[in-house]
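Chains as they are written, first to last, in the numbering used here: chain A, 16 to 326; chain B, 16 to 326; chain C, 16 to 326; chain D, 16 to 326.
Every residue, glycine too, gets a C-beta built ideally from N, C-alpha and C.
Step one of this worksheet: look at the structure below.
4 protein chains.
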Amino acid sequence: MVGGGPGAFIGAVHRSAAALDGNMDLVAGAFSSDPEKSRRQGKALHLPPDRVYGSYGEMAEEEAERPDGIDAVSIVTPNFLHYDVAKTFIGKGFHIICDKPMTTTLDDAEDLCRRVEANDIVFALTHNYSGYPLVKQARALVEQGRLGDLRKIVVEYPQGWLNRRLEAEGNKQASWRTDPERAGAGALGDIGTHAEHLARYVTGLGLERMCADVGTVVEGRPVDDDASILARFEGGVRGLLHFSQIAAGKENNLRLRVYGTDAGLDWHQEAPHRLTLLTDINSDAPQQVYTHGRASLADSVQPFIRTPQGH
Amino acid sequence: MVGGGPGAFIGAVHRSAAALDGNMDLVAGAFSSDPEKSRRQGKALHLPPDRVYGSYGEMAEEEAERPDGIDAVSIVTPNFLHYDVAKTFIGKGFHIICDKPMTTTLDDAEDLCRRVEANDIVFALTHNYSGYPLVKQARALVEQGRLGDLRKIVVEYPQGWLNRRLEAEGNKQASWRTDPERAGAGALGDIGTHAEHLARYVTGLGLERMCADVGTVVEGRPVDDDASILARFEGGVRGLLHFSQIAAGKENNLRLRVYGTDAGLDWHQEAPHRLTLLTDINSDAPQQVYTHGRASLADSVQPFIRTPQGH
Amino acid sequence: MVGGGPGAFIGAVHRSAAALDGNMDLVAGAFSSDPEKSRRQGKALHLPPDRVYGSYGEMAEEEAERPDGIDAVSIVTPNFLHYDVAKTFIGKGFHIICDKPMTTTLDDAEDLCRRVEANDIVFALTHNYSGYPLVKQARALVEQGRLGDLRKIVVEYPQGWLNRRLEAEGNKQASWRTDPERAGAGALGDIGTHAEHLARYVTGLGLERMCADVGTVVEGRPVDDDASILARFEGGVRGLLHFSQIAAGKENNLRLRVYGTDAGLDWHQEAPHRLTLLTDINSDAPQQVYTHGRASLADSVQPFIRTPQGH
Amino acid sequence: MVGGGPGAFIGAVHRSAAALDGNMDLVAGAFSSDPEKSRRQGKALHLPPDRVYGSYGEMAEEEAERPDGIDAVSIVTPNFLHYDVAKTFIGKGFHIICDKPMTTTLDDAEDLCRRVEANDIVFALTHNYSGYPLVKQARALVEQGRLGDLRKIVVEYPQGWLNRRLEAEGNKQASWRTDPERAGAGALGDIGTHAEHLARYVTGLGLERMCADVGTVVEGRPVDDDASILARFEGGVRGLLHFSQIAAGKENNLRLRVYGTDAGLDWHQEAPHRLTLLTDINSDAPQQVYTHGRASLADSVQPFIRTPQGH
């Protein structure tokens, strides 16, 4: 792991997620650009001192030399470092698990793509919400044609944690996420990417045209914290995306609705184990609610169910 | 009542609503432009034959003559008739209860306003959703400053009843509502007006600027059936309005969210007796849920509660 | 109407409900045993003075004489009067709409049954919750055999309005409802009757055996305010009923769950326009949610839908 | 780990849960009484062959000898083995993490208690639902006196997975869980224990008296699969517990409601990150909804929050 030092946010999430299936062990890390903090975190994580590094360059170098070196690296640094860390580890032939967004510029992202291909490695970008079984079920329903031809996609993601200027109050997360140098973007890059990915993952459609209202609500903040986008997806499917970090009191309300000629679907991250298939009002069918861990989920979804039904 | 004949939709709603408080009696009507149908409906409604009319002109004329004539008229015709019916009854000095939208052109609406003033009568436009006690509570919370300064308003209204071309299948409602001549507008006029009014009623703010994506999804339909609008409300408050009649499987999902510097609020028509005050995530307060019929509702709301708590 | 004077609770509910369909007019009343209060209420309800009575005996007498006399009487007095008022009006040949519970003793109820039959009148007891379209849909699903053989019925009704001793604070409702003389029973009679009726209405099964834990939680209250009942319904179907008036903070949480060999169902009064058909977990079917005003409701339910879909 | 072989149910849950915080490694196991199956599972879990054992006796013996031996053992066998496995490992001084129920007899449980004390080890029984932050918040609210004096506790746990006779269809879980020899009990022991523990954890009150309706609904099943219990908790607090494995279509609906003199609370396992504080209907306060990851949770709860707010 690179990043994820004391007080960091997403590193712990990656560590727990990686541990769930028992197929990965955390064995080495460069947890901070401050070697002392890196060591402290390595100790807290029960790692042997010789595999806790003061810099990611050093880590890539030394792990490549070890016969028991790492197989893959998880990159959980602030966004602006993703590119260089990834490039460094790809250069040594390691697989990459990288937190989103991939890089802060399109050029950097395309450069990484070329390197990934040249080195024949796996590069995984953690759009985590597509890991929910019911999101996979949504995709399966679209693929099975249960919605008919798609007509409209609405995806929203209101959060309220930045409705105050937390970055001026010493909040570490808020600090780098609202700093254009370190984050590379504001709400659009931080949560808009999740919204876009969720829509694309479920429908298979990319965005083609957009008319956006992107702005900054909290005074003095140098990045956007609120955005609404009128869109057309591939095939002319109408779209609406909106997300915000100043939606006071909202936690993590990512929600997707897709409407087709025959039916619609509705999924909400805060009740992630339910998916509603909105049957046509004028049809004989009542609404269908798919729930976690039941036989009614598609075969393609079953391998991704990790908890017993109802949990 | 003018309109609301056999098979009509909104007439019965007006009749039930008017009856709830026992302060109005339905005593006369011109229920259809077809005198036979009007008579039939009058009979079904237990009215004396001499107060069931073959035309609204005749009704206005005769009721104005009677010593026991009506006090007010409820206009529940297709939209294109609102203007002339209203003008006719205003001319006789009757108060007006008119279904929305008021008229099909701005000129007509402004003309009615002048006549209302000149005749010193009451003109009530039935934006019914503002009648819910919890919507009134939302307005009270905004007025009390519980949200702080308003920053963003999101109002949505997805319906799915027109996701097929019902107007080609003999559905009476669908027929006139998708006919530009009789409806004067599509989704924008039919449900967009409710969305706009709800936002204005709760926040007190009117729309100032808009960038709209208004379109027709169902082929062959001559009016809009889907719209999304980027907006600025008065005072520069950011806004997003979206509504649709082709949101397959959705029933009547009118929903309002308002976000301020201190808190937000969330109300949904399909669970109308709950209102969530979204307290700041970083504050000590949990979310607050106002419910129907409790002492915690504002004094200004109490007179509008017609059913026992929890009903 | 008999009862329903100034400050009364259920009278206004009966009046609104009766008015909804436009098939009944309130034309006469004995609204209070205090003639002055009765007159005051009659005036507020826009009744002519000669049809507002000082006692129900007088009303029955005089209305029977009038050529335009009432067809039916709505009895909304405290429970202890139901029997005598009903007997009086049955004796004059009027149909009866009586608030539940029917009487305060079984003997009285059976006596009324005999009189109803002898006079060939309609006696309607207002177990109002069976009027919801989705409750009727629940009954239709049971009748259609969608649940298979019934095995278990759970009905609950927690309320919290009496968790304080309101009757000692001058609350009129609380006063008579906790007075054994006037109410004839406590929670068991007031809300237990609704619970029992709902179970019976949906499943068609009566209670056969019970083991009950009925008690009084609030000190000094002479009637029960909390009860749980282990039961067997007809056919040996297992049952559980519980209801309470001291469930602090609960409003009107009547809920019914029925489980069969093939499926279950779940209905909740506070979200009355939804009904969940709980398909077998091990089957291919997702849960089914019936909603208000859709074509998927049974034909037998359609006539009872009074509001547009989603309302 | 002892138990948790190929196809087992709770072993994988224990492994994921143990891995979440990065403070435990799975290093050894006796996964099945069939040595071949144990080896297969060990390999799948990436364990070195010399730490995969053919029996738990062997495992306890050898791990006690190793300088790098285990610190604690997780017991996830069918219930009837809990006692002997625990006794064996306690005898070697290992700490114990044991799935519930502890043993199949009270004598065995008390014997283990004595051994735990004598050996000064930690014995953890995995009543997992008390691990939810919002359950801990419920306990904090009770401790803070926010409910006033407790009056009534209702805990329910309907499941539907055994509404068919799955044990006759080759379902491994169903087989041993409905076998009195291996399970030691039916629904009462399997899920009733969770219900009782949840009530006790949140309120601090144990059961004192019970009147139970315990039965078997599915023909041919030798253990109970449905139960309702009228109860008194310590201090005379009224109680109702009900749980079922034949509640067709229900997944894992563990729910707790507690009512006090001042307020109530309501928590539901299928929406585990919300907790409602039911304020008195007659008070000025709206309902309060505590949600996951907010500052409004008690300090004592904060260390147990593992995922970001809204997740």
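Run of the alpha helix (DSSP H) containing Trp282 (chain C), from where it starts to where it stops:
Along the third sequence, one-based indexing puts residue 282 (chain C) at 267. That residue, Trp282 (chain C), is in no alpha helix (DSSP H); its beta strand (DSSP E) goes Ala278 to His283.
What residues in its chain sit with their C-beta under 6 Å from that of Ile25 (chain B), if we drop five residues either side in the sequence? Counted from its first residue, the second sequence places residue 25 (chain B) at position 10. Only Val91 and Asp114 meet the Cβ criterion.
- Ile206 (chain A) CB to nearest chain B CB: under 8 Å? Locating residue 206 (chain A) in the first sequence gives position 191, counting from the first residue. No, its Cβ sits nowhere closer than 8 Å to a Cβ of chain B.
Notebook entry, point to check: What separation, rounded to the nearest whole angstrom, lies between the Cα atoms of Val238 (chain B) and Gly204 (chain B)?
Noted result: Residue mapping note: residue 238 (chain B) aligns to position 223 of the second sequence, counting from 1. Residue mapping note: residue 204 (chain B) aligns to position 189 of the second sequence, counting from 1. Approximately 10 Å between the Cα atoms of the pair.
*Between the region 260 to 280 of chain D and the region 172 to 181 of chain D, do three or more beta carbon pairs fall short of 8 Å?*
yes
query = Between A:Asn94, A:Phe248 and A:Ile261, which lies nearest to Gly163 (chain B) when the distance is taken from Cα to Cα?
reply = The sequence position of residue 163 (chain B) within the second sequence is 148, counting from 1. Selected option, being the one with the closest Cα: A:Ile261.
For chain D, is any of its Cβ atoms less than 8 Å away from the one on Gln152 (chain A)?
Within the first sequence, the letter at position 137 stands for residue 152 (chain A). Chain D contact via Cβ: absent.
**OP:** Using a Cβ-Cβ cut-off of less than 8 Å, give me the residues of the region 269 to 299 of chain C that come near chain A, in sequence order.
**Re:** Thr291, Leu292, Thr294, Ile296, Asn297, Ser298 and Asp299
Exercise for the section: Say whether chain B places a C-beta atom closer than 8 Å to the C-beta of Leu96 (chain C). Expected result: Position 81 of the third sequence holds residue 96 (chain C). Output row for Leu96 (chain C): interface = no.
Which whole-angstrom value describes the C-beta separation of His142 (chain C) and His209 (chain C), a residue pair presumed to lie in contact below a C-beta threshold of 8 Å? Against the third sequence, residue 142 (chain C) aligns to sequence position 127. Against the third sequence, residue 209 (chain C) aligns to sequence position 194. Going by Cβ atoms, the distance from His142 (chain C) to His209 (chain C) rounds to 6 Å, so yes, they are a contact pair.
Taking all protein chains shown into account, decide if His61 (chain C) is buried (16 or more other Cβ within 10 angstroms of its Cβ) or exposed.
Reading the third sequence from its first residue, position 46 is the one you call residue 61 (chain C). Exposed, because fewer than 16 other Cβ atoms sit within 10 Å of the Cβ of His61 (chain C).
Report task. Go to Ile136 (chain D), then tell me how far its alpha helix (DSSP H) extends in each direction, as first and last residue. Result -> As a position in the fourth sequence, residue 136 (chain D) is number 121, starting the count at 1. Where Ile136 (chain D) is concerned, there is no enclosing alpha helix (DSSP H), given that its DSSP letter is neither H nor E.
Query raised in the report: When the Cα atoms are used, what is the spatial distance from Val88 (chain C) to Ser311 (chain B)?
Result: Taking the third sequence and counting its residues from 1, one reaches residue 88 (chain C) at position 73. Taking the second sequence and counting its residues from 1, one reaches residue 311 (chain B) at position 296. Whole-angstrom Cα-Cα distance: 36 Å.
### Query
Nearest CA to the CA of His2 (chain A): which residue from A:Leu290, A:Gln188 and A:Gln56?
Nothing can be reported for residue 2 (chain A): it is not among the residues displayed for chain A, which extend from 16 to 326.
Practice item. Give me the Cα-Cα distance between Phe319 (chain C) and Val17 (chain B), rounded to the nearest whole angstrom. Key: Here the question's residue 319 (chain C) lines up with position 304 in the third sequence. Here the question's residue 17 (chain B) lines up with position 2 in the second sequence. Spanning the two alpha carbons is a distance of roughly 25 Å.
key: Contact the region 143 to 155 of chain D vs the region 281 to 288 of chain D: 3+ CB pairs below 8 Å   = yes
- In the structure shown, what three-state DSSP assignment does Ala300 (chain B) receive? Start at 1 with the first residue of the second sequence, and residue 300 (chain B) comes out as number 285. Coil.
Q) Which partner residues does Tyr305 (chain D) have in the DSSP bridge list? A) Position 290 of the fourth sequence holds residue 305 (chain D). Tyr305 (chain D) is bridged to D:Leu290.
Verify whether the separation of the beta carbon atoms of Gly199 (chain D) and Thr119 (chain D) is less than 8 Å.
-> Indexing the fourth sequence from 1 puts residue 199 (chain D) at position 184. Indexing the fourth sequence from 1 puts residue 119 (chain D) at position 104. Yes, these two residues count as a Cβ contact at 8 Å.
Of the listed residues B:Leu121, B:Pro93 and B:Ala79, nearest to Lys107 (chain B) (C-alpha basis): Looking up residue 107 (chain B) in the second sequence gives position 92. Looking at the Cα atoms, B:Ala79 is the closest of the given residues.
Checklist line | Simplified DSSP assignment, three categories, for Phe258 (chain A) | finding: Residue 258 (chain A) sits at position 243 when you count from the first residue of the first sequence. Phe258 (chain A): strand per DSSP, three-state reduction.
_Could you check whether Pro21 (chain A) and Gln56 (chain A) sit closer than 8 Å to each other, using their CB atoms as the reference points?_
Walking along the first sequence from the start, residue 56 (chain A) turns up at place 41. Walking along the first sequence from the start, residue 21 (chain A) turns up at place 6. The answer is yes: Cβ separation under 8 Å.
Take Ile168 (chain B) as the anchor and find which of B:Asp36, B:Ala43, B:Gly235 and B:Arg215 has the nearest alpha-carbon. Along the second sequence, read from residue 1 onward, the residue named residue 168 (chain B) stands at position 153. The residue with the shortest Cα to Cα distance from Ile168 (chain B) is B:Arg215.
On a Cα-Cα basis, can you pick out the residue from C:Asp314, C:Arg224, C:Gly254 and C:Arg179 that is closest to Asp240 (chain C)? On the third sequence, residue 240 (chain C) is found 225 positions in, with the first residue counted as 1. Nearest option by C-alpha distance: C:Arg179.
query = So what does DSSP say about Arg253 (chain A), is it helix, strand or coil?
reply = As a working note, residue 253 (chain A) is residue 238 in the first sequence. Reduced to three states, the DSSP call for Arg253 (chain A) is strand.
*Can you give me the start and stop residues for the alpha helix (DSSP H) that Pro173 (chain D) sits inside?*
Reading the fourth sequence from its first residue, position 158 is the one you call residue 173 (chain D). Where Pro173 (chain D) is concerned, there is no enclosing alpha helix (DSSP H), although the beta strand (DSSP E) it sits in stretches over Leu165 to Pro173.
Does Pro301 (chain B) come within less than 8 Å of chain D when only Cβ atoms are used? Your numbering for residue 301 (chain B) matches position 286 in the second sequence. Closer than 8 Å to some Cβ of chain D, the Cβ of Pro301 (chain B) qualifies, so yes.
When you compare only the Cα positions, how much space is there between Thr276 (chain A) and Asn134 (chain B)? The sequence position of residue 276 (chain A) within the first sequence is 261, counting from 1. The sequence position of residue 134 (chain B) within the second sequence is 119, counting from 1. Spanning the two alpha carbons is a distance of roughly 50 Å.
Query raised in the report: If Ala189 (chain C) and Ala242 (chain C) are in contact, beta carbons under 8 Å, what's the gap, nearest whole angstrom?
Result: Your numbering for residue 189 (chain C) matches position 174 in the third sequence. Your numbering for residue 242 (chain C) matches position 227 in the third sequence. Their Cβ separation, rounded to whole angstroms, is 18 Å, which puts Ala189 (chain C) and Ala242 (chain C) out of contact at 8 Å.
Where Ser70 (chain B) sits in the DSSP three-state scheme: Residue 70 (chain B) sits at position 55 when you count from the first residue of the second sequence. Coil at Ser70 (chain B), not helix or strand.
Would the beta-carbon of Ser230 (chain B) fall within 8 Å of that of Phe248 (chain B)?
Start at 1 with the first residue of the second sequence, and residue 230 (chain B) comes out as number 215. Start at 1 with the first residue of the second sequence, and residue 248 (chain B) comes out as number 233. Sequence inspection shows Gly at residue 230 (chain B); the Ser mentioned does not correspond to that position. No, Cβ-Cβ distance for Gly230 (chain B) and Phe248 (chain B) is not below 8 Å.
Next item on the list: Pick helix, strand or coil for Glu223 (chain D), following the three-state DSSP scheme.
Entry: The residue given as residue 223 (chain D) occupies position 208 in the fourth sequence. Reduced to three states, the DSSP call for Glu223 (chain D) is strand.
Residues of its chain near Gly72 (chain B), where Cβ-Cβ distance is below 7 Å and the 5 sequence neighbours each way are ignored
Start at 1 with the first residue of the second sequence, and residue 72 (chain B) comes out as number 57. Same-chain partners within the cutoff: Thr103.
Worksheet item: Near Ala313 (chain D), which residues of its chain fall below 7 Å by C-beta distance, leaving aside the five closest residues on each side in sequence?
Response: Residue 313 (chain D) sits at position 298 when you count from the first residue of the fourth sequence. So the list reads Gln152 and Ala155, once near-sequence residues are dropped.
Problem - Proximal chain C residues relative to Gly338 (chain D), where beta-carbon distance stays under 8 Å - result: For residue 338 (chain D) there is no data in the structure shown, the boundaries of chain D being 16 and 326.
Problem set entry | Cα-Cα separation between Asp65 (chain A) and Ile85 (chain A), rounded to whole angstroms | By one-based count along the first sequence, residue 65 (chain A) stands at place 50. By one-based count along the first sequence, residue 85 (chain A) stands at place 70. Approximately 13 Å between the Cα atoms of the pair.
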